[in-house]
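According to this note's numbering, the residues represented by the sequence shown are 37 to 508, in order.
First comes the structure, then the notes that go with it.
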Amino acid sequence: MLGISDSVARGFDDVLRGSIWLILSGLVVNLSGLVFWLLSSRFAGASGVGYAASAVSISGLVSTLLNLGLPYAMLREIPVRGSKAFSSGLLIAILLGLLGSLIVIYTPLSSLYTGFSSYALLAVVMTILSMVSIVSLNTLIAMDMVWEYFLVVLASNIARIAFGVPLILLGYGGLGAAFGMLLASIVASTASLALSVRRLGLAAPGSGDLAEILRIGASNYPISLSPALVSGGVVAAGILTRDPEAAGVTYISLMISSAVGLIPSSVASVSIPAMMRGASPELSRLGASLSASLVLPIAVGVGISSRSVLGILGSDFSARWEILTILSLVSIPYAAIANSMSRMNWERSLARLATIGVASLAVLATLSPILAGLAGVEGIAIAYLASSIAPLPLIRGVDIHGIIKMMAIQAILTIGLSQPPRESLIDAALGAIGSIASIIAAHISKVSRIELLGRAIAVAINIVRNRHTNRE
């Protein structure tokens, strides 16, 4: 039915199983995040959200800028080097986390707004914890401990709401929201670290182990910088405008956009260790096709109805709807690039990986200052979209012609149906219509892989049955 061998189909089923748990983890993060920031915006206001979001964004920006591609290095090397790869990554992460904390303390980031010093201290701690989590969480994925990964994510997000929301209601405002995010980081880093150490243990890494982790990471590092710099747009918005409300709106839009990208990122992440354990590299092509087919209607719906989506948080957020509409267009090229990177990591095509990343980064670095000056935060979003499309001619192992057709379908529907101002109900209805139209258009143009979706559903049903059987 899939037109692939039985061995490839079995490997694809394993990837689907792991991806489903990662997608569920991502949904937990984003849905609980939506609830958390919704409550924060209601009781702390857009300004309070801006302060807290800026602290979180600073931590995320610094840790991503300094991670040196460690997520990809862990996914690739843990199945091969085991404890030595884990210990090497952890040592590098701790050193980089300490460096990141110094950057936060001794740069203007610590005085972003009036009264921001307390938030900056929280950002320092979150930066160190984030670096540890980068290694330990990706180690769980690499060891196929996806169920444990899900539990860690669930626990950390429960802690965020259970601790942060009461603090907000007690009158701590944005600081309460920031403390909630801090506790989530503590739970995620300590729990994932404990599970990883219990499974792998710790071993003294040799110079060869450290060097290989750094080589693999450095090759993947440039492509990971683009999302980090866009996340830094939240910080840039605050620095350039001294307007925490703009920072808050941008952060929420990025959070929603990342939720749309859950499917391709999850499939790509699980594919790397699967291929390193002997699965077929054909997984990258199948993963890209499935990811794009599933993401297309979601991204179209979000892009068209961005006013009503952001309007849930209030009029301050829906007024900047263009940011979310622009970012929704990144999803299809991201699906192609992410899954192609899985293939290239398996092949150890380090030069090509680095070239793709540098090309994306060059476009973003060139266009961001120009477009930010012309259109503000919306300009940064446009630059990110351009940087996501630019590397497509360089990727391999995916159906690039099908990806281009899907991009065209998405762009036509999103741009065509998102423009006129309208009531929220009409906005949401048009989003639903656009989603359905994208499915029909993809089917007519023969780029949709319905049979892959059917297999994914079958794997999901088996997961539910197995969990139910285990409980009995």
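Cβ coordinates follow ideal geometry from the N, Cα and C atoms, glycine included.
Smallest Cα separation from residue i: which of the options?
i      : options                        : result
Ala328 : Ile440, Thr402, Glu318         : Ile440
Gly244 : Val285, Ile197, Arg117         : Arg117
Leu205 : Arg78, Gly350, Gly412, Ile475  : Arg78
Tyr142 : Arg432, Val160, Ser484, Gly207 : Val160
Val92  : Ser61, Leu127, Phe152, Val44   : Phe152
Ile469 : Ser61, Thr450, Asn103, Gly433  : Thr450
Leu30  : Pro115, Val85, Ala230, Val345  : The shown model of the chain, from 37 to 508, leaves out residue 30, and the question about it has no answer.
Pro110 : Gly207, Leu176, Leu132         : Note on identity: in this sequence residue 110 is Met, with Pro being the wrong assignment. The option with the nearest alpha carbon to Met110 is Leu176.
Pro115 : Val64, Met311, Ile416          : Met311
Ala390 : Ser90, Val483, Ile445, Ser262  : Ser262
Val285 : Leu157, Glu184, Gly84          : Gly84
Arg251 : Val140, Ser454, Glu113, Leu453 : Glu113
Leu102 : Val303, Ala129, Ala89, Ser90   : Ala129
Gly438 : Ser484, Leu403, Ala447         : Ser484
Gly490 : Gly452, Leu326, Glu383         : Leu326
Val44  : Ala224, Arg313, Met442         : Arg313
Arg432 : Ile392, Ser76, Ile288          : Ile392
Can you give me the C-alpha to C-alpha distance between residue i and residue j, rounded to a whole angstrom?
i      : j      : result
Ala240 : Ser123 : 7 Å
Ile493 : Ser341 : 27 Å
Ala479 : Gly409 : Sequence inspection shows His at residue 479; the Ala mentioned does not correspond to that position. Straight-line Cα distance between these residues: approximately 40 Å.
Gly412 : Phe48  : 43 Å
Ser172 : Val233 : 9 Å
Met380 : Asp180 : 20 Å
Met37  : Ile249 : Residue placement at Met37 cannot be trusted, given a pLDDT of 46 that sits under 50; what the coordinates show is reported in the next sentence. Cα to Cα, the separation comes out at about 39 Å.
Ile359 : Leu290 : 9 Å
Ser166 : Leu138 : 15 Å
Tyr435 : Ile334 : The sequence shown places Asp at residue 435, not Tyr. Near 20 Å, if we compare the C-alpha coordinates of Ile334 and Asp435.
Leu211 : Ser221 : 15 Å
Gly339 : Ser367 : 11 Å
Gly81  : Gly105 : 36 Å
Leu63  : Glu459 : 28 Å
Ala247 : Ile308 : 20 Å
Ala401 : Ile497 : 44 Å
Gly86  : Ser351 : 15 Å
Ala304 : Val51  : 9 Å
Pro317 : Leu407 : 39 Å
Gly209 : Pro202 : 10 Å
Pro369 : Ser302 : 15 Å
Leu349 : Arg235 : 42 Å
Lys120 : Leu386 : 21 Å
Ser95  : Met162 : 6 Å
Ala426 : Leu60  : 30 Å
Glu184 : Leu430 : 36 Å
Gly415 : Trp357 : 13 Å
Arg384 : Leu58  : 24 Å
Val65  : Val495 : 22 Å
Leu158 : Ser225 : 15 Å
Gly242 : Leu127 : 12 Å
Ala447 : Leu461 : 22 Å
Could you check if residue i is buried or exposed, using at least 16 other CB atoms within 10 Å of its CB as the buried criterion?
i      : result
Gly323 : buried
Tyr155 : buried
Arg53  : buried
Leu67  : exposed
Gly253 : buried
Thr100 : buried
Pro405 : exposed
Ser354 : buried
Ser55  : buried
Gln455 : exposed
Ile476 : exposed
Ser481 : exposed
Arg343 : buried
Gly237 : exposed
Ala213 : buried
Leu131 : exposed
Gly452 : exposed
Thinking residue i and residue j are a contact (beta carbons under 8 Å), I'd like their distance in whole angstroms, please.
i      : j      : result
Ser320 : Ser378 : 5 Å
Lys134 : Ile164 : In the sequence under discussion, the amino acid at residue 134 is Leu, which differs from the Lys named in the question. Right, their Cβ atoms sit about 7 Å apart.
Gly136 : Val98  : 4 Å
Val306 : Leu229 : Contact doesn't hold; Cβ gap of about 21 Å is too wide.
Asn174 : Pro107 : 5 Å
Ile445 : Leu332 : 7 Å
Gly347 : Ser471 : Not confirmed; about 18 Å, so no contact.
Three or more C-beta pairs closer than 8 Å, one from the segment 382–399 and one from the segment 252–260: is that the case here?
Pairwise C-beta distances place the segment 382–399 in contact with the segment 252–260, as three or more of them are shorter than 8 Å.
Touching by the beta-carbon criterion (3+ pairs, under 8 Å), the segment 177–189 and the segment 208–219:
no
Does the contact criterion of 3 or more C-beta pairs under 8 Å hold for the segment 417–428 versus the segment 361–369?
yes
Validate contact between the segment 366–380 and the segment 291–302 using beta carbons, cut 8 Å, 3 pairs
Touching, yes, given that three or more Cβ pairs across the two stretches are closer than 8 Å.
Is it the case that the segment 193–201 contacts the segment 59–73, given that we only count it when at least three CB pairs across the two stretches are under 8 Å?
yes
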